[in-house]
Amino acid sequence: MNWVIAALVCWILGYWINHRLAHTRLSNSRLISLAIPIIFGFTILFIWEALVRGFNVPMVIIPAPTVIASRFAVSLDILWVDFVQTFVKGAMSGYIIGCGSAFVIAILIDRSPFLQKGLLPVGNFIAALPIVGTAPILVMWFGFDWQSKAAVVVAMVFFPMLVNTMQGLAATDRMQRDLMATYSASYFQTLIKLRLPAAMPAVFNGLKIATTLALIGAIVAEFFGSPIKGMGFRISTEVGKLGLDMVWAEITVAAIAGSAFYGAIALIERGLTFWHPSQRGQ
Amino acid sequence: MKRLLPVLTVLIVIIIAWYGAAVGMNAKWAQDQALRQNIELNTSVLIADTWNQDRPRLPAPHQVAQELWKTTGAMMIKGKAMSKRSLIFHGWITLSATLLGFVIGTGAGILLAVGIVYNKAMDMSVMPWAIASQTIPILAIAPMIIVVLNSIGIQGLIPKAIISAYLSFFPVVVGMVKGLRSPDQQQLDLLSTYNANRRQGFWKLRLPSSMPYLFTALKIGMAASLVGAIVGELPTGAIRGLGARMLTGSYYGQTIQIWSALFAAAILAATLVGIIGYIQYRTLKRMGMQP
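Take a look at the structure:
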């Protein structure tokens with residue numbers, strides 16, 4: 001009972017602190033806009049912990065955050081092996097192959113308006129389909145190891161990346177291209193000096209969308225068969241054994257990997273598109 | 001016609017490439033079979049064989065189309081549309097979970113978005129997490145939800161709907177907050193010169209101007225809901241639904257079954273997103289936001 005009261009008190013306290021912080025004069029400062037979500041996160045974690053303890057929720061339903069943290073700490077080696085298998089081998093190689101080939105193909109078909117008109121609607125359409133469903137087929141074709149996961153990732157990231165790059169390459173207007181023509185710039189000079197830089201914001205939009213898709217693809221493909229390592233494999237087997245603390249530890253890894261991956265791409269974007277209005281003045 | 005021609009060309013090229021790939025991928029099996037029976041295969045027989053195998057590595061388009069027809073239209077004609085071999089039945093199982101989850105997820109998402117726009121503390125604490133959640137593969141907790149709910153006796157529709165709901169929830173929150181904030185200061189000032197209160201400001205300005213953002217978010221949410229429902233059918237050996245069809249197909253090497261389930265899922269996704277797109281078109285047209 002004490003734990004339940006503690007949860008309630010923590011909730012009220014957390015809300016009160018955030019409410020006060022949000023309505024101070026400094027509320028738009030960087031420090032406070034960073035502190036408020038962190039306080040909110042810790043409040044949620046504490047309420048979770050207190051409710052699980054207060055109501056004696058069995059671990060097979062939901063483990064307390066401290067249990068998850070201690071499981072995380074003692075199984076770092078397993079988590080690392082899974083991370084390498086799923087993220088580095090499966091997701092990253094698929095991401096690089098998929099995004100790279102989509103980028104190159106977008107530039108190649110850019111010279112033909114006919115192909116563009118044909119591929120843009122088809123690509124948009126395919127990007128909205130449940131591509132994860134190809135996982136069983138690709139696992140059958142490429143075997144259980146990371147190659148099949150990379151193939152699923154390629155299938156998932158290819159079309160969003162293609163569509164975004166094509167839209168980016170169309171971002172320059174007539175005047176700018178005419179200016180390049182008056183400089184008597186060749187096709188490649190125009191491409192490298194004008195159109196690719198102008199396409200960068202859209203390209204990075206595609207790259208950022210693809211980060212999450214890559215991780216989802218690699219994890220879900222492991223549900224269809226995998227060697228005895230990998231994040232998706234661990235999640236599905238530990239769920240079967242009701243080892244939910246391990247499942248949550250893997251999910252923590254996935255969350256950290258996902259946001260770090262996204263953050264890395266966003267940092268590169270900031271370095272390369274510093275001139276764009278959305279990046280200036282920050 | 002001018003817009004259709006390039007699209008059709010691309011589609012035809014894809015289908016031709018597919019037939020070509022089917023020859024390449026299925027040839028080995030056909031050769032092995034021929035070798036066992038001591039028959040010499042000439043090219044045309046080989047190609048015909050690769051397009052008509054029972055368990056090909058890559059089924060040819062017409063095989064998938066036949067299977068799709070056999071498990072939907074033909075069954076409907078025979079009046080067995082809801083039998084267990086029918087894709088309509090499996091599609092309906094998946095669709096009902098998708099729609100229930102989608103309604104719950106978008107409803108909760110819109111409510112939270114309204115809360116975020118009108119409460120600064122909520123905005124500053126929840127919004128960063130809602131945005132961060134888009135970079136996290138939250139689909140990974142799907143098997144856990146299924147098993148945990150199963151262990152406390154809830155199974156069938158509800159667990160899948162929960163997965164669909166949380167997958168569609170976050171895109172709707174983020175899109176709707178953007179939409180509710182889209183009126184600029186001039187418009188808000190105009191309303192305050194009319195002495196409009198907050199409730200009027202919401203119903204007459206913020207909500208109408210959020211519509212384009214809402215529909216974009218709904219399309220993303222609907223696609224995510226369907227993926228959630230399909231993935232939700234993978235663990236625990238579900239026997240009903242499109243995801244279960246894919247899983248049993250992959251266990252028994254029934255490639256044609258996997259492909260037809262995949263295409264059924266794709267058709268379902270395209271139809272659902274198309275319906276939202278049509279509603280968007282009609283709504284925005286009546287609101288005068290679209291020419």
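Sequences listed follow chains A and B, in order.
In terms of my numbering, the first sequence opens at residue 1 and continues consecutively.
In terms of my numbering, the second sequence opens at residue 1 and continues consecutively.
C-beta: ideal position from N, C-alpha, C; glycine also.
Note that the structure is a prediction, hence the values are computed from the model and not measured.
- Endpoints, alpha helix (DSSP H) assigned at Trp18/B: Locating residue 18/B in the second sequence gives position 18, counting from the first residue. Per DSSP, the unbroken alpha helix (DSSP H) holding Trp18/B starts and ends at Leu4 to Arg36.
- Task: Consult DSSP for Thr172/A and reduce its assignment to one of helix, strand or coil.
- Result: Along the first sequence, read from residue 1 onward, the residue named residue 172/A stands at position 172. Note: Thr172/A maps to coil in three-state DSSP.
- Task: Please go through the same chain and pick out, in chain order, the residues whose beta-carbon is closer than 6 Å to the beta-carbon of Pro171/B, but skip the five residues on each side of it.
- Result: For this step, residue 171/B is matched to residue 171 along the second sequence. Only residues of its own chain outside the window of five on either side were considered, and among them Ala217, Ile220 and Gly221 have a CB closer than 6 Å to the CB of Pro171/B, listed in chain order.
- 4 or more residues per run - each alpha helix (DSSP H) lying fully within the segment 218 to 256 of chain A: 231 to 240
- Query: If you count every other CB in all the chains shown that lies within 10 Å of the CB of Lys193/A, and 16 or more means buried, which is it?
  - Reply: Sequence index remark: in the first sequence, residue 193/A carries index 193 (1-based). Its Cβ having fewer than 16 others within 10 Å, Lys193/A is exposed.
- How long is the line joining the alpha carbons of Gly258/A and Tyr95/A, rounded to whole angstroms? Translated into the one-based positions of the first sequence, residue 258/A becomes position 258. Translated into the one-based positions of the first sequence, residue 95/A becomes position 95. Taking the straight line joining both Cα atoms gives about 13 Å.
- On the three-state DSSP scale, how would you describe Glu269/A? Translated into positions along the first sequence, residue 269/A becomes position 269. Glu269/A: helix per DSSP, three-state reduction.
- Message: Please classify Gln37/B as buried or exposed, where buried requires at least 16 neighbouring CB atoms within 10 angstroms.
- Response: Position 37 of the second sequence, counted from the start, is the residue given in the question as residue 37/B. Burial call: exposed.
- Cutoff 7 Å: Ile16/B Cβ touching any chain A Cβ: Working through the second sequence from its first residue, we reach residue 16/B at position 16. No - not a single Cβ of chain A is within 7 Å of the one on Ile16/B.
- In terms of residues, what are the limits of the alpha helix (DSSP H) holding Trp259/B? Along the second sequence, one-based indexing puts residue 259/B at 259. Where Trp259/B is concerned, the enclosing alpha helix (DSSP H) stretches over Thr255 to Arg286.
- Query: Ile146/B lies in the alpha helix (DSSP H); which residues open and close that run?
  - Reply: Within the second sequence, the letter at position 146 stands for residue 146/B. If you look at Ile146/B, you'll find it in the alpha helix (DSSP H) that goes Ala142 to Ser151.
- Message: Any heavy atom of the ligand ATP inside 6 Å of the beta-carbon of Pro113/A?
- Response: The ligand content of the structure shown is nil, which means the ligand ATP is not present either.
- CB contact check: His276/A to chain E, cutoff 7 Å: Within the model displayed, chain E is absent; protein chains A and B are what it includes.
- DSSP three-state assignment for Val9/A, whether helix, strand or coil: One-based indexing of the first sequence puts residue 9/A at position 9. In the structure shown, Val9/A sits in a helix (DSSP, three-state: H, G or I).
- Is there contact here, the segment 117 to 124 of chain A with the segment 228 to 239 of chain A, by at least three beta-carbon pairs under 8 Å? no
- Quick one: residues in its chain with C-beta nearer than 6 Å to the C-beta of Ala229/B, no 5 flanking neighbours on either side, listed in chain order? Locating residue 229/B in the second sequence gives position 229, where the first residue counts as 1. For Ala229/B, where only same-chain residues beyond five positions count, the Cβ hits under 6 Å are Thr94, Ala97, Thr98, Lys160 and Ser164.
- Query: Taking Cβ positions only, does Lys120/B come closer than 7 Å to chain A?
  - Reply: The count along the second sequence starts at 1 and reaches residue 120/B at position 120. Yes, because at least one Cβ of chain A sits closer than 7 Å to the Cβ of Lys120/B.
- State the CB to CB distance for the pair Ala50/A and Ala6/A, rounded to an integer number of angstroms; the pair is presumed to be in contact (CB under 8 Å). The residue you call residue 50/A lines up with position 50 of the first sequence. The residue you call residue 6/A lines up with position 6 of the first sequence. The C-beta distance from Ala50/A to Ala6/A rounds to 5 Å, short enough to meet the 8 Å contact threshold.
- For the 8 Å Cβ check, are there 3 or more pairs between the segment 277 to 289 of chain B and the segment 145 to 154 of chain A? The answer is no - the segment 145 to 154 of chain A does not touch the segment 277 to 289 of chain B, with fewer than three Cβ pairs under 8 Å.
- Message: Which residues in chain B have a C-beta closer than 7 Å to the C-beta of Gly230/A? List them in chain order.
- Response: The residue you call residue 230/A lines up with position 230 of the first sequence. Simply none; closest approach about 12 Å.
- Mind pulling the chain A residues with CB within less than 9 Å of Ala265/B? Position 265 of the second sequence, counting from 1, holds the residue named residue 265/B. What Ala265/B touches in chain A: Leu129, Pro130 and Gly133.
- Starting from Ile88/B, trace the alpha helix (DSSP H) both ways and give me its first and last residue. The count along the second sequence starts at 1 and reaches residue 88/B at position 88. Leu87 to Tyr118 is the extent of the alpha helix (DSSP H) around Ile88/B.
- Rounded C-alpha distance that separates Met352/B from Gly20/B: Outside the displayed range of chain B (1 to 291) lies residue 352/B, so it cannot be described from this structure.
- Spatial neighbours of Gln282/A in its chain, beta-carbon cut-off 7 Å, leaving aside the 5 residues before and after: The residue you call residue 282/A lines up with position 282 of the first sequence. Low confidence applies to Gln282/A: its pLDDT is 48, below 50, so where it sits in the model is not reliable, and the reading given next is rough at best. Excluding residues within five positions, none has a Cβ falling inside 7 Å.
- Message: For Arg111/A, report the span of its alpha helix (DSSP H) as first-last.
- Response: Here residue 111/A refers to the residue found at position 111 of the first sequence. Arg111/A -> no alpha helix (DSSP H), and no H or E assigned at all.
- Task: Could you check how far apart the C-beta atoms of Met161/A and Ala202/A are, in whole angstroms? I think they sit under 8 Å.
- Result: The residue labelled residue 161/A in the question sits at position 161 within the first sequence. The residue labelled residue 202/A in the question sits at position 202 within the first sequence. Not confirmed; about 10 Å, so no contact.
- When you compare only the Cα positions, how much space is there between Ile44/A and Trp11/A? If you number the first sequence from 1, residue 44/A lands on position 44. If you number the first sequence from 1, residue 11/A lands on position 11. Going from the Cα of Ile44/A to the Cα of Trp11/A covers about 8 Å.
- Would you check if the distance between the CB atom of Ile141/B and the CB atom of Ile251/A is smaller than 7 Å? The count along the second sequence starts at 1 and reaches residue 141/B at position 141. The count along the first sequence starts at 1 and reaches residue 251/A at position 251. Their beta carbons are under 7 Å apart, which means Ile141/B touches Ile251/A by this criterion.
- Query: Is Phe215/B helix, strand or coil by DSSP?
  - Reply: Counted from its first residue, the second sequence places residue 215/B at position 215. In this structure, Phe215/B counts as helix in the three-state DSSP scheme.
- Return the residue from the list Trp48/A, Asn18/A and Arg53/A that minimises the CA-CA distance to Pro37/A. Within the first sequence, numbered from 1, the residue matching residue 37/A stands at position 37. Closest by alpha carbon: Asn18/A.
- Item | Where Gln282/A sits in the DSSP three-state scheme | If you number the first sequence from 1, residue 282/A lands on position 282. Since pLDDT at Gln282/A reaches only 48, below the 50 mark, its modelled position is unreliable, and the value read off the structure follows with that caveat. Note: Gln282/A maps to coil in three-state DSSP.
- Limits of the alpha helix (DSSP H) - the one that Gln185/B falls within: In the second sequence, counting from the first residue as 1, residue 185/B sits at position 185. Here the alpha helix (DSSP H) through Gln185/B covers Gln185 to Thr193.
- Message: Please classify His90/B as buried or exposed, where buried requires at least 16 other C-beta atoms within 10 Å of its C-beta.
- Response: Locating residue 90/B in the second sequence gives position 90, where the first residue counts as 1. Answer is buried; the Cβ neighbour count reaches 16.
- Query: Cα separation between Leu234/B and Met180/A?
  - Reply: The residue given as residue 234/B occupies position 234 in the second sequence. The residue given as residue 180/A occupies position 180 in the first sequence. Taking the straight line joining both Cα atoms gives about 54 Å.
- Extent of the continuous alpha helix (DSSP H) to which Val45/B belongs: Residue numbering aside, residue 45/B sits at position 45 when the second sequence is read from its first letter. That run of the alpha helix (DSSP H) goes Thr43 to Thr50.
- Item | Contact under 7 Å by Cβ, Gly232/B with Ile136/B | For this step, residue 232/B is matched to residue 232 along the second sequence. For this step, residue 136/B is matched to residue 136 along the second sequence. Between Gly232/B and Ile136/B, the C-beta spacing is not below 7 Å.
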